[in-house]
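Participant: The opening position of the sequence shown corresponds to residue 5 in my numbering, with each subsequent residue numbered one higher.
Virtual Cβ for every residue (Gly too), placed ideally from N, Cα, C.
Pasting a structure here, questions to come.
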Amino acid sequence: MSKILVLAGGVSTERDVSLITGKQIYNALKRNGHDVILTDVYLGYELPEEYEGMPLAELFTKDIDWVKDIPDIREIDPDIAGIKALRSDGDKNFFGPNVIKLCQEADVVFMALHGENGENGRIQACFDLMGITYTGNDYISSAISMNKGLTKDIFKAYDIPTPQGVRLKKADYLKLKEDGRLECSVGFPCIVKACCGGSSVGVSIANVPGEFEMALAEAFKYDDEAVIEQYIRGREFSVGVIDGQAMPVIEIAPKVGFYDYKNKYQAGATVETCPADIPDELSEQMKACAEKVFKALRLGAYARMDFMLDSNTGRYYCLEANTLPGMTPTSLVPQEAAAMGISFDKLCDRIIELAKGKGR
Ligand SMILES: Nc1ncnc2c1ncn2[C@@H]1O[C@H](COP(=O)(O)OP(=O)(O)O)[C@@H](O)[C@H]1O
Ligand SMILES: [Mg+2]
C-alpha cells in the first residue's frame with residue numbers, strides 16, 4: 005500500500021478531461037487499498053480551520069472525499085480565466101498552495117494531467133529536481149512528444165511513417181498573409197494543428213484556401229507554431245504501449261466528422277472497437293510501429309500512439325504519441341488493457357509499480 009497523490013486539473017485546455025481522469029484513478033486506487041488524495045495542481049489545497057496545525061502527511065489517512073466536487077465533462081471549453089481568478093495569491097507560481105509539499109509527502113504522484121504543463125515535461129523536470137516520484141514519462145520524452153513538429157522530425161529520422169507535413173511560425177504566417185503569399189504547400193485537403201496542442205483543440209481540416217486561413221487562425225489561438233499536414237482519408241486507430249510492449253490495436257470511428265474534441269469526450273459519439281477488426285498482419289505491423297515510436301521518442305512508462313490508415317493505399321501513418329493518455333475506464337488505453345484481461349484497477353496499480361521501479 006502506498007501514499008498516492010493524484011495530480012489533476014491545471015490551466016490547460018484539457019483541464020476538465022484531466023479532472024475526470026483524476027477522479028477515476030482516485031477511485032480505482034482507493035479500491036486497491038492505497039491512501040489517496042487528489043489535488044488540483046493549480047488550485048492546490050489549503051488546510052481547513054479544523055485541521056490547523058496538523059502535519060500535511062496526515063491528510064492521506066483522513067476520511068475526506070477528495071473527488072465529490074469534480075463536475076462531469078462539459079461540452080464548452082473550461083473557463084480558464086475563471087479558474088485563474090480563484091487563486092488569491094495570484095498565479096506567479098504555477099503550483100497552488102501546498103501542492104509541492106503534498107507531492108513530497110506522497111510515495112508516488114499519479115500524473116492525471118493533460119496538455120501543456122503536465123504533458124510537456126516541465127512538471128516532470130521540476131519533480132526530478134525535488135526528488136518526487138511520479139507516474140508516466142520523464143521530462144525529455146514528454147517535451148518532445150508534446151511538440152508535433154519535433155515528433156515529426158524524429159519520425160522522419162527513424163523511418164516511422166508519418167503524413168507529409170510542414171511547420172509554420174505565427175510571425176511568418178502573419179508576414180505571408182500580409183504579402184498575399186500564404187499558400188498551402190502540402191496541397192488540399194490538409195489538416196492544420198497547433199504544434200503543442202492536444203485533445204484535437206486547435207485542429208481543423210481545410211479543403212480550400214479560405215478554410216486554410218481560418219484553420220491557421222484557429223491553431224494560432226493556442227500556439228505560436230502550427231503543423232500543416234497532408235490529410236489522410238481512411239480509418240483511425242490507436243495503440244497503447246506499456247513498458248515497451250504494445251497493447252491490442254483499437255479502432256476509433258466517429259459517427260460524424262473526425263475525432264475532434266466533441267467526438268473524443270461525448271459518450272456515444274464515437275464507436276471504438278478493440279481489438280480492431282483488421283488483418284492480423286496489419287495489426288502486428290502497427291503494434292511494432294508503436295513500439296518503435298516508443299523507443300524513438302525515449303518513452304519509458306506508458307503512452308499511446310495515434311494512427312491513420314489510408315483507405316486508398318492501405319498504408320498506415322503515425323500521427324503522434326500521447327505521453328499521458330486519457331485514463332477514465334472508457335478511455336482508449338484502459339479499453340486496450342481490458343482486451344488483454346487487465347482491469348482498470350489493475351492497470352492503475354501497474355502504472356504505480358512502473359513509477360516506483362524507475363528508482364528516481
Ligand atoms: N494527417 C491527418 N489526416 C487525417 N486526420 C488527421 C490527421 N492528423 C490528425 N487527424 C485527425 O485529428 C485528430 C487529432 O490529431 P492528433 O494529431 O492526434 O492531435 P491531438 O490528438 O493531440 O489533438 C486525430 O485523432 C485525427 O482524427
Ligand atoms: Mg491524438
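1. Of the choices Gly-57, Gly-13, Leu-178, Pro-82, whose alpha-carbon is the least far from that of Gly-100?
2. Let me know the secondary structure DSSP gives Tyr-177 once reduced to three states.
3. Does the beta-carbon of Ser-92, which I'm using as the reference point, lie nearer than 8 Å to any heavy atom of ligand 1?
4. Taking only the alpha-carbon atoms, compute the straight-line gap between Leu-313 and Leu-117 and give it to the nearest angstrom.
5. In terms of residues, what are the limits of the alpha helix (DSSP H) holding Gly-201?
6. Would Met-5 be called buried (16 or more neighbouring beta carbons within 10 Å of its own) or exposed?
7. Which one or two residues does DSSP pair with Phe-241 in a beta bridge?
8. Tell me, please, which residues DSSP counts as bridged to Asp-111.
9. Got a sec: does ligand 1 put a non-hydrogen atom nearer than 8 Å to the Cβ of Arg-171?
10. Could you tell me whether any non-hydrogen atom of ligand 2 is closer than 8 Å to the CB of Ser-149?
11. State the start and end residues of the unbroken beta strand (DSSP E) segment that holds Ile-158.
12. Specify the secondary structure class of Ile-346 as computed by DSSP and reduced to three states.
13. Would you call the CB atoms of Ala-359 and Phe-64 closer than 9 Å?
14. Suppose the cutoff is 7 Å on Cβ atoms and the five residues either side in sequence are ignored; what does the same chain contact list for Phe-298 look like?
15. Starting from the Cα of Ala-294, find the closest Cα among Ala-61, Thr-317, Tyr-162 and give me that residue.
16. Could you compute how far the alpha carbon of Arg-364 sits from the alpha carbon of Ser-145?
17. When you compare only the Cα positions, how much space is there between Met-251 and Met-344?
18. Could you check how far apart the C-beta atoms of Tyr-49 and Asn-102 are, in whole angstroms? I think they sit under 8 Å.
19. Any heavy atom of ligand 2 closer than 8 Å to the beta-carbon of Ser-204?
20. Using only the heavy atoms of ligand 1, determine whether one of them is closer than 8 Å to the beta carbon of Ile-254.
21. Tell me whether Glu-324 counts as near ligand 2, meaning its Cβ is closer than 8 Å to at least one heavy atom of that ligand.
22. Relative to the alpha-carbon of Glu-123, which residue among Gly-135, Arg-35, Thr-334, Thr-139 has its alpha-carbon at the smallest distance?
23. Buried or exposed for Thr-317, please, with buried defined as at least 16 other CB atoms from any protein chain shown within 10 angstroms of its CB.
24. Please classify Leu-133 as buried or exposed, where buried requires at least 16 neighbouring CB atoms within 10 angstroms.
25. Rounding to the nearest angstrom, what Cα-Cα distance links Val-231 and Asp-69 in this structure?
26. With a Cβ-Cβ cutoff of 9 Å, do Ser-149 and Ala-325 count as a contact?
27. Return yes when the C-beta of Asp-310 is under 8 Å from any heavy atom of ligand 2, and no when it is not.
28. Could you pull the DSSP bridge partners for Val-231 from this structure?
29. I need the DSSP call for Lys-66, collapsed to helix, strand or coil.
30. To the nearest angstrom, how far is it from the Cα of Gln-28 to the Cα of Thr-334?
31. Classify Met-331: buried if its beta carbon has 16 or more other beta carbons within 10 angstroms, exposed otherwise.
32. Which one of Val-40, Glu-18, Val-15 has the shortest CA to CA distance from Cys-352?
33. Would you mind sorting Asn-211 into buried or exposed? The rule is 16 or more other CB atoms within 10 Å of its CB.
Facilitator: Checking against the coordinates, here is how it stands:
1. As a first step, residue 100 must be located in the sequence shown, where it is residue number 96. Minimum Cα distance to Gly-100 is reached at Gly-13.
2. Working through the sequence shown from its first residue, we reach residue 177 at position 173. Three-state DSSP puts Tyr-177 in a helix.
3. In the sequence shown, the residue the question calls residue 92 occupies position 88. Answer for Ser-92: no, Cβ out of range of ligand 1.
4. For this step, residue 313 is matched to residue 309 along the sequence shown. For this step, residue 117 is matched to residue 113 along the sequence shown. So the two alpha carbons sit approximately 29 Å from each other.
5. For this step, residue 201 is matched to residue 197 along the sequence shown. It is not in any alpha helix (DSSP H) - Gly-201 carries neither H nor E in the DSSP assignment.
6. In the sequence shown, residue 5 corresponds to position 1, counting from 1. Flag for Met-5 reads exposed.
7. Numbered from 1 along the sequence shown, position 237 holds the residue referred to as residue 241. Beta-bridge pairing links Phe-241 to Glu-255, Phe-311.
8. Within the sequence shown, numbered from 1, the residue matching residue 111 stands at position 107. According to DSSP, which records beta bridges pairwise, Asp-111 is partnered with nothing at all.
9. Position 167 of the sequence shown, counting from 1, holds the residue named residue 171. No - ligand 1 has no heavy atom lying nearer than 8 Å to the Cβ of Arg-171.
10. Numbered from its first residue, the sequence shown carries residue 149 at position 145. It does not: the Cβ of Ser-149 is nowhere closer than 8 Å to a heavy atom of ligand 2.
11. As a first step, residue 158 must be located in the sequence shown, where it is residue number 154. From DSSP, Ile-158 is part of no beta strand (DSSP E) but of the alpha helix (DSSP H) over 152-161.
12. Translated into the one-based positions of the sequence shown, residue 346 becomes position 342. Ile-346: coil per DSSP, three-state reduction.
13. In the sequence shown, counting from the first residue as 1, residue 359 sits at position 355. In the sequence shown, counting from the first residue as 1, residue 64 sits at position 60. Phe-64 is positioned such that its CB atom lies no closer than 9 Å to that of Ala-359.
14. Locating residue 298 in the sequence shown gives position 294, where the first residue counts as 1. Around Phe-298: Val-245, Gly-248, Ala-307.
15. The count along the sequence shown starts at 1 and reaches residue 294 at position 290. That would be Tyr-162, whose Cα lies nearest to the Cα of Ala-294.
16. As a position in the sequence shown, residue 364 is number 360, starting the count at 1. As a position in the sequence shown, residue 145 is number 141, starting the count at 1. In this prediction, Arg-364 scores a pLDDT of 40, lower than 50, which makes its location untrustworthy; the coordinate-derived value is nonetheless stated afterwards. Straight-line Cα distance between these residues: approximately 16 Å.
17. Along the sequence shown, read from residue 1 onward, the residue named residue 251 stands at position 247. Along the sequence shown, read from residue 1 onward, the residue named residue 344 stands at position 340. Those two C-alpha atoms are separated by around 8 Å.
18. On the sequence shown, residue 49 is found 45 positions in, with the first residue counted as 1. On the sequence shown, residue 102 is found 98 positions in, with the first residue counted as 1. Confirmed, about 5 Å.
19. Stepping through the sequence shown from its first residue, residue 204 is reached at position 200. The answer is yes for Ser-204.
20. Along the sequence shown, one-based indexing puts residue 254 at 250. No, the Cβ of Ile-254 stays beyond 8 Å of every heavy atom of ligand 1.
21. Against the sequence shown, residue 324 aligns to sequence position 320. Yes, Cβ of Glu-324 sits closer than 8 Å to a heavy atom of ligand 2.
22. Stepping through the sequence shown from its first residue, residue 123 is reached at position 119. Cα-wise, what sits closest to Glu-123 is Thr-139.
23. One-based indexing of the sequence shown puts residue 317 at position 313. Result: exposed.
24. Your numbering for residue 133 matches position 129 in the sequence shown. Answer is exposed; the Cβ neighbour count stays below 16.
25. The residue labelled residue 231 in the question sits at position 227 within the sequence shown. The residue labelled residue 69 in the question sits at position 65 within the sequence shown. When rounded, the distance between both Cα atoms is 42 Å.
26. Numbered from 1 along the sequence shown, position 145 holds the residue referred to as residue 149. Numbered from 1 along the sequence shown, position 321 holds the residue referred to as residue 325. Yes, Cβ-Cβ distance for Ser-149 and Ala-325 is below 9 Å.
27. One-based indexing of the sequence shown puts residue 310 at position 306. It does: the Cβ of Asp-310 is within 8 Å (strictly closer) of some heavy atom of ligand 2.
28. On the sequence shown, position 227 is the one that residue 231 refers to. Val-231 is bridged to Arg-171, Lys-197.
29. Stepping through the sequence shown from its first residue, residue 66 is reached at position 62. Of the three classes helix, strand and coil, the one that applies to Lys-66 here is coil, per DSSP.
30. As a first step, residue 28 must be located in the sequence shown, where it is residue number 24. As a first step, residue 334 must be located in the sequence shown, where it is residue number 330. Approximately 10 Å, taken between the alpha carbons.
31. Locating residue 331 in the sequence shown gives position 327, where the first residue counts as 1. Flag for Met-331 reads buried.
32. As a working note, residue 352 is residue 348 in the sequence shown. Considering only alpha carbons, the answer is Val-40.
33. Residue mapping note: residue 211 aligns to position 207 of the sequence shown, counting from 1. Per the 10 Å Cβ criterion, exposed.
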